[in-house]
Amino acid sequence: MIQVTDLAAEQKKPSFLRLGFRPFFLGGAIFGAVAIALWLFIYKGKLNIDPFGGGYWWHIHEMVFGFGGAIIAGFLLTAVQNWTGMRGVQGNTLLMLFLIWLLGRIALLFPGMLGDELSNLIDLFFLPAVAFILAKPIIAVKQYRNLFFVPVLLLFTVANTEMYAAIYFPQTFTLTFSGYAGVMLITFLMSVIAGRVVPMFTANGTCTDKVTPLPWLDKMASGTIAVAMIYLLLQPLVGFSTLFFGVLLVFSGVFQFIRWLRWKPWITLSIPLLWSIHIAVKFISFGLIVLGLSYVVVEIEINLAWHLLTVGGMGGMILAMISRVSLGHTGRPLSPPKAMSFAY
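Next comes the structure, spelled out in structure tokens:
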């Protein structure tokens, strides 16, 4: 139970630093929009900026580990408070964590400011720091089920490290495989979280019975993505089979689609906060299937297929979830303004 003195002390802190999602959702959203605009100018040769790794490396890295890392941090650092019943990170600690993330973004865009090595280390420090802060309350209350997210964050760090290794050791590590491993890891997280919350959100929002989960289906839907992610991380050791990877993703997309249909998306059509999540889940399913086919059907452009998954699936899920988290964790009704429907 939170004491009155605790609440009084909390009121003295800036609202921006009272909950984990506030700086990271806002900072991540602004950065994502700015980073896309910068990439378009760099790609078209309209902007004379030389970020670390070059424009293409920077674009992949910053959308996955910069933007994606901020949203994941904001979500987990907020959710852990619900899981454990303990106050989440806030105040100066939250500010320092956010500044580490922000400095990483600036340092990689302007590597001459701090030098390559220091810029790399600052960015690589962020995710392990989030994992450490996340683990403390979970271990304190012995809620080991949610400790699962800590090794996931560390695997995210491995993928991030491999992206840097692709610059320093290009004969061993490949930029795209490392970046795509990060995409697969975010997709895996979205799949796991969707399996936990979408049936509950749907039942609560539509006043219907919650769909009974099928454990085997949840495991196959998320497990196949995990295998794809690990396969990409291990590519320097085991090589890469386009047939294996493509078929694996198609199966994963089919499992996602079957699970999505069981959640009865059609009953959410009048509720933007719900149908936006369901559309994102559909894009994850569709994106995985098309991406898988792109590795075995030469007529399908692989790069476009990856963007179908990242923009439609990841982007849609992030927008839907940050809306819900922001409303729910600030005591507001779960009914966003009508104009928000256009954003979805």
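Taking this note's numbering, the leading residue of the sequence shown gets 34, the next gets one more, and so forth. Glycine included, every Cβ here is placed at the ideal spot set by N, Cα and C.
Does any C-beta atom of chain B lie closer than 8 Å to the C-beta of residue i?
i: L342; result: Among the chains in the structure shown there is no chain B, since it carries only a single protein chain.
Does the beta-carbon of residue i have 16 or more other beta-carbons within 10 angstroms, so that it is buried, or is it exposed?
i: F181; result: exposed
i: D242; result: exposed
i: W249; result: exposed
i: R178; result: exposed
i: S48; result: exposed
i: T205; result: exposed
i: E195; result: buried
i: N193; result: buried
i: F159; result: buried
i: W299; result: exposed
i: I172; result: exposed
i: M129; result: exposed
What is the DSSP secondary structure of residue i, reduced to helix, strand or coil?
i: V344; result: helix
i: I300; result: helix
i: M119; result: coil
i: S368; result: coil
i: G361; result: helix
i: I333; result: coil
i: G272; result: coil
i: Y328; result: coil
i: G124; result: helix
i: K315; result: helix
i: N153; result: helix
i: N81; result: coil
i: K252; result: helix
i: L167; result: helix
i: R138; result: helix
i: Q176; result: coil
i: Q114; result: helix
i: R51; result: coil
i: V244; result: coil
i: L281; result: helix
i: P203; result: coil
i: F143; result: coil
Please work out which residues of its chain come closer than 6 Å, Cβ to Cβ, to residue i, disregarding the five sequence neighbours upstream and downstream, and give them in chain order.
i: R365; result: none
i: A106; result: F57 and V163
i: Q114; result: G121
i: G25; result: What the structure shows of the chain is the stretch from 34 to 377, and residue 25 is not part of that stretch, so it cannot be assessed.
i: V174; result: T117
i: P370; result: none
Within its chain, find whatever has a CB closer than 7 Å to the CB of residue i; leave out the 5 residues flanking it on each side and keep chain order.
i: L188; result: L218
i: V191; result: L266
i: T207; result: A199 and Q268
Can you list, in chain order, the residues of its chain whose CB lies under 8 Å from that of residue i, leaving out five sequence neighbours each side?
i: I69; result: M96
i: V185; result: L218, F221 and L222
i: L167; result: L109, L110, V113, F182, V183 and L186
i: R357; result: F234, L306, I310 and L367
i: V413; result: This structure does not reach residue 413, given that the chain is present from 34 up to 377, and the question cannot be answered.
* Count the CB pairs spanning the segment 226-240 and the segment 268-278 that are closer than 8 Å, and state whether there are at least three. => no
* Asked: Does the segment 227-244 come close enough to the segment 302-315 that 3 or more CB-CB pairs lie under 8 Å?
  -> yes
* Should the segment 56-70 be called in touch with the segment 127-134, which here means at least 3 C-beta pairs below 8 Å? -> yes
* Taking one C-beta from the segment 83-95 and one from the segment 143-161 each time, how about it: are there three or more such pairs within less than 8 Å? -> yes
* Counting Cβ pairs closer than 8 Å, one from the segment 212-221 and one from the segment 94-104, do we hit at least three? -> yes
* Between the segment 285-298 and the segment 317-336, are three or more C-beta pairs nearer than 8 Å? -> yes
* Segment contact flag, the segment 148-156 with the segment 108-122, C-beta cutoff 8 Å, min 3 pairs -> no
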